[in-house]
Amino acid sequence: MARIHARVKGKSGSSKPVNADMSFVTFKPKEVEALVIGFAKDDMKPSLIGMTLRDSYGIPDVKKLTGKSVSKIIEENKLTANLPEDLQALVEKAHKLKKHLEFNTRDKHNNRGLHLIESKIGRLSKYYKKTGRIASNWSMK
Numbered sequence: 002m003a004r005i006h007a008r009v010k011g012k013s014g015s016s017k018p019v020n021a022d023m024s025f026v027t028f029k030p031k032e033v034e035a036l037v038i039g040f041a042k043d044d045m046k047p048s049l050i051g052m053t054l055r056d057s058y059g060i061p062d063v064k065k066l067t068g069k070s071v072s073k074i075i076e077e078n079k080l081t082a083n084l085p086e087d088l089q090a091l092v093e094k095a096h097k098l099k100k101h102l103e104f105n106t107r108d109k110h111n112n113r114g115l116h117l118i119e120s121k122i123g124r125l126s127k128y129y130k131k132t133g134r135i136a137s138n139w140s141m142k
């Protein structure tokens, strides 16, 4: 698949092993779900929850252990954030870049970067509005 703004072909990302060995994990699926719910109540993002479970608790793959992804567990317990994680990260990035450009008005490279980020936000928000994950009248401002 090609990159959006780079005009080059992209490289594929990392992939999980086909048959991951889960025999060393001592946690039961219900315990893992309780951990995920506890982290979600502390306002942790799903990706950060997955990394914490991997690094601190030795759980390599929540989906393989519980049969549900971290996002699905959070959604079932109605603990989802008002904005999806990827859209929230892009909005924060654009906000920081706008703040930078207030003081560095001649920074043309980052000005272009801001335009690219805002176009990504537009495409992603259009998708989320279509699927009903955000309100149809949502805007970045």
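Residue numbering for the sequence shown follows this note's numbering, starting at 2 and increasing by one per position. The beta-carbon is built from N, C-alpha and C at its ideal position, and this holds for glycine as well.
Buried or exposed (CB count within 10 angstroms, at least 16 for buried), residue i
{"i": "residue 34", "result": "buried"}
{"i": "residue 88", "result": "buried"}
{"i": "residue 211", "result": "Because the chain is modelled from 2 through 142, residue 211 falls outside the range shown and cannot be assessed."}
{"i": "residue 30", "result": "exposed"}
{"i": "residue 12", "result": "exposed"}
{"i": "residue 2", "result": "Summary for residue 2: the model assigns pLDDT 48, below 50, so the residue's position carries little reliability, and this model does not support an answer."}
{"i": "residue 46", "result": "buried"}
As assigned by DSSP and simplified to three states, the class of residue i
{"i": "residue 10", "result": "strand"}
{"i": "residue 47", "result": "helix"}
{"i": "residue 28", "result": "coil"}
{"i": "residue 122", "result": "helix"}
{"i": "residue 22", "result": "coil"}
{"i": "residue 53", "result": "helix"}
{"i": "residue 17", "result": "coil"}
{"i": "residue 135", "result": "coil"}
{"i": "residue 59", "result": "coil"}
{"i": "residue 5", "result": "coil"}
{"i": "residue 109", "result": "helix"}
{"i": "residue 94", "result": "helix"}
{"i": "residue 42", "result": "helix"}
{"i": "residue 142", "result": "coil"}
Minimum C-alpha distance to residue i - residue among the options
{"i": "residue 22", "options": "66, 109 and 74", "result": "66"}
{"i": "residue 81", "options": "19, 12 and 39", "result": "39"}
{"i": "residue 115", "options": "95, 105 and 127", "result": "95"}
{"i": "residue 97", "options": "86, 6 and 119", "result": "119"}
{"i": "residue 122", "options": "110, 131 and 141", "result": "141"}
Beta strand (DSSP E) segments (min. 3 residues) lying fully within the stretch 65-91 = none
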